[in-house]
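Read the structure below first, then the notes.
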(Lines of atoms letter the chains of each structure in order from A; the text may use other names.)
(Lines give C-alpha, C1' and ligand atoms only; values in the text may rest on other atoms or scores of the structure.)
Protein backbone atom coordinates (compact mmCIF):
# COMPACT_ATOMS: atom_id res chain seq x y z
CA UNK A 205 0.00 0.00 0.00
CA UNK A 206 3.03 2.26 0.24
CA UNK A 207 2.47 4.18 -2.99
CA UNK A 208 -1.09 4.97 -1.86
CA UNK A 209 0.22 6.77 1.23
CA UNK A 210 1.62 10.31 1.59
CA UNK A 211 5.34 10.58 0.91
CA UNK A 212 6.20 10.96 4.60
CA UNK A 213 4.42 7.65 5.40
CA UNK A 214 5.88 5.57 2.58
CA UNK A 215 8.30 2.81 3.52
CA UNK A 216 10.44 0.41 1.47
CA UNK A 217 8.89 -2.92 0.52
CA UNK A 218 11.07 -5.03 2.78
CA UNK A 219 8.93 -8.11 2.18
CA UNK A 220 9.63 -7.93 -1.56
CA UNK A 221 13.35 -7.64 -0.81
CA UNK A 222 13.16 -10.79 1.31
CA UNK A 223 11.25 -12.45 -1.51
CA UNK A 224 14.13 -11.76 -3.87
CA UNK A 225 16.59 -13.18 -1.35
CA UNK A 226 14.67 -16.48 -1.18
CA UNK A 227 15.57 -17.05 -4.83
CA UNK A 228 19.28 -16.67 -4.15
CA UNK A 229 21.52 -19.71 -3.76
CA UNK A 230 23.24 -17.88 -0.89
CA UNK A 231 20.02 -17.70 1.15
CA UNK A 232 19.73 -19.97 4.18
CA UNK A 233 15.98 -20.28 4.78
CA UNK A 234 15.12 -21.59 8.23
CA UNK A 235 11.34 -21.26 7.91
CA UNK A 236 8.94 -19.45 5.64
CA UNK A 237 6.32 -17.80 7.86
CA UNK A 238 2.63 -17.75 7.04
CA UNK A 239 0.79 -14.48 6.55
CA UNK A 240 -2.92 -14.98 6.98
CA UNK A 241 -5.75 -13.00 8.56
CA UNK A 242 -9.50 -13.20 8.88
CA UNK A 243 -11.57 -10.25 7.69
CA UNK A 244 -12.33 -9.00 11.24
CA UNK A 245 -8.61 -9.17 12.10
CA UNK A 246 -7.72 -7.30 8.92
CA UNK A 247 -10.28 -4.57 9.53
CA UNK A 248 -9.13 -4.21 13.12
CA UNK A 249 -5.51 -3.82 11.97
CA UNK A 250 -6.52 -1.20 9.40
CA UNK A 251 -8.48 0.74 12.02
CA UNK A 252 -5.57 0.62 14.48
CA UNK A 253 -3.12 1.95 11.89
CA UNK A 254 -5.57 4.68 10.85
CA UNK A 255 -5.86 5.74 14.51
CA UNK A 256 -2.07 6.07 14.57
CA UNK A 257 -2.19 8.45 11.61
CA UNK A 258 -1.39 6.04 8.78
CA UNK A 259 -3.54 7.02 5.79
CA UNK A 260 -4.60 3.52 4.79
CA UNK A 261 -7.85 3.19 2.83
CA UNK A 262 -10.81 1.37 4.38
CA UNK A 263 -11.47 -2.20 3.31
CA UNK A 264 -14.10 -1.99 0.54
CA UNK A 265 -16.74 -4.64 1.27
CA UNK A 266 -18.49 -3.97 -2.04
CA UNK A 267 -15.98 -2.31 -4.41
CA UNK A 268 -17.68 -0.27 -7.13
CA UNK A 269 -14.74 1.50 -8.81
CA UNK A 270 -11.43 0.32 -10.30
CA UNK A 271 -9.62 2.01 -7.41
CA UNK A 272 -11.68 0.12 -4.85
CA UNK A 273 -11.19 -3.11 -6.78
CA UNK A 274 -7.42 -2.55 -6.61
CA UNK A 275 -7.53 -1.84 -2.87
CA UNK A 276 -9.69 -4.91 -2.26
CA UNK A 277 -7.26 -7.11 -4.24
CA UNK A 278 -4.31 -5.83 -2.20
CA UNK A 279 -6.04 -6.55 1.10
CA UNK A 280 -7.29 -9.94 -0.12
CA UNK A 281 -3.69 -11.02 -0.76
CA UNK A 282 -3.16 -11.45 2.99
CA UNK A 283 -6.56 -12.89 3.92
CA UNK A 284 -7.63 -16.44 4.62
CA UNK A 285 -5.37 -19.03 3.02
CA UNK A 286 -3.17 -16.54 1.17
CA UNK A 287 0.08 -17.98 2.48
CA UNK A 288 2.91 -15.50 2.20
CA UNK A 289 2.82 -15.14 -1.59
CA UNK A 290 5.85 -12.84 -1.67
CA UNK A 291 8.36 -14.99 0.19
CA UNK A 292 6.96 -18.08 -1.48
CA UNK A 293 7.42 -16.37 -4.85
CA UNK A 294 3.81 -16.76 -5.93
CA UNK A 295 3.52 -20.34 -4.69
CA UNK A 296 0.62 -19.58 -2.36
CA UNK A 297 -2.12 -21.55 -4.13
CA UNK A 298 -2.03 -25.03 -2.68
CA UNK A 299 -4.44 -26.43 -5.25
CA UNK A 300 -2.64 -28.57 -7.83
CA UNK A 301 -3.41 -27.56 -11.45
CA UNK A 302 -5.08 -30.11 -13.72
CA UNK A 303 -1.83 -30.74 -15.64
CA UNK A 304 -0.03 -31.69 -12.43
CA UNK A 305 -2.86 -33.98 -11.35
CA UNK A 306 -2.97 -35.69 -14.75
CA UNK A 307 0.80 -36.22 -14.73
CA UNK A 308 0.62 -37.75 -11.25
CA UNK A 309 -2.15 -40.11 -12.39
CA UNK A 310 -0.16 -41.20 -15.44
CA UNK A 311 3.12 -41.50 -13.51
CA UNK A 312 2.26 -42.47 -9.93
CA UNK A 313 5.09 -41.97 -7.48
CA UNK A 314 6.18 -45.08 -5.64
CA UNK A 315 6.67 -44.74 -1.90
CA UNK A 316 9.29 -47.47 -2.03
CA UNK A 317 9.34 -50.88 -0.45
CA UNK A 318 7.81 -51.19 3.00
CA UNK A 319 9.78 -53.41 5.28
CA UNK A 320 7.88 -56.05 7.23
CA UNK A 321 10.29 -55.35 10.09
CA UNK A 322 8.87 -51.84 10.58
CA UNK A 323 7.22 -51.37 13.95
CA UNK A 324 5.12 -48.43 12.81
CA UNK A 325 1.45 -48.64 13.75
CA UNK A 326 -1.44 -46.21 13.40
CA UNK A 327 -4.23 -46.15 15.98
CA UNK A 328 -7.45 -44.12 16.06
CA UNK A 329 -10.14 -44.07 18.70
CA UNK A 330 -12.94 -45.29 16.44
CA UNK A 331 -15.66 -44.36 18.92
CA UNK A 332 -16.54 -41.45 21.19
CA UNK A 333 -14.15 -39.15 19.31
CA UNK A 334 -14.91 -36.07 17.23
CA UNK A 335 -15.21 -38.00 13.98
CA UNK A 336 -17.53 -40.75 15.20
CA UNK A 337 -19.80 -38.38 17.15
CA UNK A 338 -20.15 -35.74 14.42
CA UNK A 339 -23.69 -34.70 13.54
CA UNK A 340 -24.78 -32.37 10.73
CA UNK A 341 -28.16 -30.85 9.94
CA UNK A 342 -29.43 -28.64 7.13
CA UNK A 343 -31.38 -25.66 8.44
CA UNK A 344 -34.79 -25.36 6.78
CA UNK A 345 -35.44 -21.67 7.51
CA UNK A 346 -33.34 -18.64 8.38
CA UNK A 347 -33.24 -18.29 12.14
CA UNK A 348 -31.12 -17.63 15.22
CA UNK A 349 -29.60 -20.62 17.00
CA UNK A 350 -28.29 -20.96 20.54
CA UNK A 351 -25.48 -23.07 21.96
CA UNK A 352 -26.80 -24.64 25.15
CA UNK A 353 -24.97 -26.73 27.75
CA UNK A 354 -27.09 -29.31 29.58
CA UNK A 355 -25.59 -30.93 32.68
CA UNK A 356 -26.32 -34.42 34.01
CA UNK A 357 -29.18 -33.09 36.11
CA UNK A 358 -30.88 -31.59 33.05
CA UNK A 359 -30.08 -27.99 33.90
CA UNK A 360 -29.48 -25.83 30.85
CA UNK A 361 -27.07 -22.93 30.43
CA UNK A 362 -27.03 -20.81 27.27
CA UNK A 363 -23.38 -20.44 26.29
CA UNK A 364 -24.08 -18.34 23.22
CA UNK A 365 -27.36 -16.98 21.89
CA UNK A 366 -28.36 -15.34 18.64
CA UNK A 367 -26.21 -17.30 16.18
CA UNK A 368 -27.74 -16.38 12.78
CA UNK A 369 -28.05 -19.07 10.10
CA UNK A 370 -29.52 -18.96 6.61
CA UNK A 371 -31.98 -21.35 5.01
CA UNK A 372 -30.10 -24.33 3.60
CA UNK A 373 -27.03 -23.69 5.75
CA UNK A 374 -25.27 -26.73 7.24
CA UNK A 375 -24.80 -26.74 11.02
CA UNK A 376 -22.24 -29.21 12.30
CA UNK A 377 -21.40 -30.24 15.86
CA UNK A 378 -19.45 -32.96 17.60
CA UNK A 379 -18.14 -34.01 21.02
CA UNK A 380 -15.35 -36.17 22.41
CA UNK A 381 -15.74 -38.24 25.57
CA UNK A 382 -12.84 -37.49 27.93
CA UNK A 383 -13.17 -40.87 29.65
CA UNK A 384 -12.85 -42.69 26.32
CA UNK A 385 -9.95 -40.43 25.29
CA UNK A 386 -8.02 -41.10 28.51
CA UNK A 387 -8.57 -44.84 28.19
CA UNK A 388 -7.39 -44.80 24.58
CA UNK A 389 -4.32 -42.70 25.38
CA UNK A 390 -3.30 -44.99 28.24
CA UNK A 391 -3.57 -48.03 25.97
CA UNK A 392 -1.52 -46.45 23.19
CA UNK A 393 1.20 -45.10 25.49
CA UNK A 394 1.59 -48.55 27.01
CA UNK A 395 1.61 -50.17 23.56
CA UNK A 396 4.36 -47.79 22.44
CA UNK A 397 6.38 -48.61 25.55
CA UNK A 398 5.92 -52.37 25.07
CA UNK A 399 6.98 -52.11 21.43
CA UNK A 400 9.94 -49.82 22.16
CA UNK A 401 8.86 -47.21 19.62
CA UNK A 402 8.28 -43.46 19.55
CA UNK A 403 4.85 -42.25 20.65
CA UNK A 404 3.55 -39.68 18.14
CA UNK A 405 0.46 -37.58 18.72
CA UNK A 406 -1.48 -36.18 15.75
CA UNK A 407 -4.08 -33.45 16.28
CA UNK A 408 -6.55 -31.79 13.93
CA UNK A 409 -4.88 -28.55 12.90
CA UNK A 410 -8.13 -26.65 12.29
CA UNK A 411 -9.10 -27.19 15.92
CA UNK A 412 -5.83 -25.83 17.26
CA UNK A 413 -7.42 -22.96 19.20
CA UNK A 414 -10.51 -24.87 20.33
CA UNK A 415 -10.04 -28.45 21.43
CA UNK A 416 -6.37 -29.19 20.83
CA UNK A 417 -5.02 -27.58 24.03
CA UNK A 418 -7.46 -29.70 26.04
CA UNK A 419 -6.72 -32.91 24.13
CA UNK A 420 -3.00 -32.21 24.37
CA UNK A 421 -3.33 -31.78 28.13
CA UNK A 422 -4.97 -35.19 28.43
CA UNK A 423 -2.17 -36.71 26.33
CA UNK A 424 0.59 -35.14 28.42
CA UNK A 425 -1.06 -36.36 31.61
CA UNK A 426 -1.38 -39.90 30.23
CA UNK A 427 2.20 -39.88 28.98
CA UNK A 428 3.79 -38.44 32.12
CA UNK A 429 2.43 -41.02 34.54
CA UNK A 430 5.12 -42.94 36.45
CA UNK A 431 4.59 -46.09 34.37
CA UNK A 432 5.09 -44.21 31.11
CA UNK A 433 8.39 -43.94 29.18
CA UNK A 434 10.61 -40.90 29.54
CA UNK A 435 9.15 -37.83 27.85
CA UNK A 436 12.65 -36.60 27.05
CA UNK A 437 13.38 -39.48 24.70
CA UNK A 438 10.02 -40.81 23.55
CA UNK A 439 7.67 -37.92 22.78
CA UNK A 440 6.73 -36.35 19.47
CA UNK A 441 3.84 -33.98 18.71
CA UNK A 442 2.52 -33.42 15.20
CA UNK A 443 -0.39 -31.06 14.68
CA UNK A 444 -1.31 -32.18 11.19
CA UNK A 445 -3.72 -35.09 11.09
CA UNK A 446 -6.98 -34.35 9.18
CA UNK A 447 -9.03 -36.47 11.60
CA UNK A 448 -8.83 -37.26 15.27
CA UNK A 449 -6.12 -39.90 15.44
CA UNK A 450 -2.78 -40.83 16.90
CA UNK A 451 0.13 -42.68 15.40
CA UNK A 452 2.93 -44.65 16.96
CA UNK A 453 6.15 -44.70 14.92
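Residue numbers (the numbering used here): 205 to 453. Using N, Cα and C, we set each Cβ at its ideal position, and we do this for glycine too.
Beta-bridge partners of residue 347 (DSSP): 369.
For residue 375, the enclosing beta strand (DSSP E) stretches over residues 374 to 377. Residue 350 and residue 362 do touch by the CB rule: their CB atoms are close to 5 Å apart, below 8 Å. Three or more beta-carbon pairs drawn from the region 372 to 382 and the region 333 to 344 are found closer than 8 Å, and the two stretches are therefore classed as touching. Distance between residue 209 and residue 390, taken at the CA atoms: about 58 Å.
No Cβ-Cβ contact shorter than 7 Å links residue 423 with residue 402. Rounded to whole angstroms, the separation of the alpha carbons of residue 302 and residue 310 is 12 Å. In this structure, the beta-carbon distance from residue 220 to residue 283 does not fall below 7 Å. Taking every protein chain shown into account, the CB of residue 308 has fewer than 16 other CB atoms within 10 angstroms, so this residue is exposed. Here residue 353 carries a strand assignment [DSSP, helix/strand/coil].
Where residue 338 is concerned, there is no enclosing alpha helix (DSSP H), because DSSP gives it neither an H nor an E. According to DSSP, residue pairing for residue 283 in a beta bridge involves 241.
One Cα belongs to residue 247, the other to residue 233, and the distance between them is close to 31 Å. Scanning its chain for C-beta atoms nearer than 7 Å, with the 5 sequence neighbours on each side dropped, one finds around residue 354 the residues 360, in chain order.
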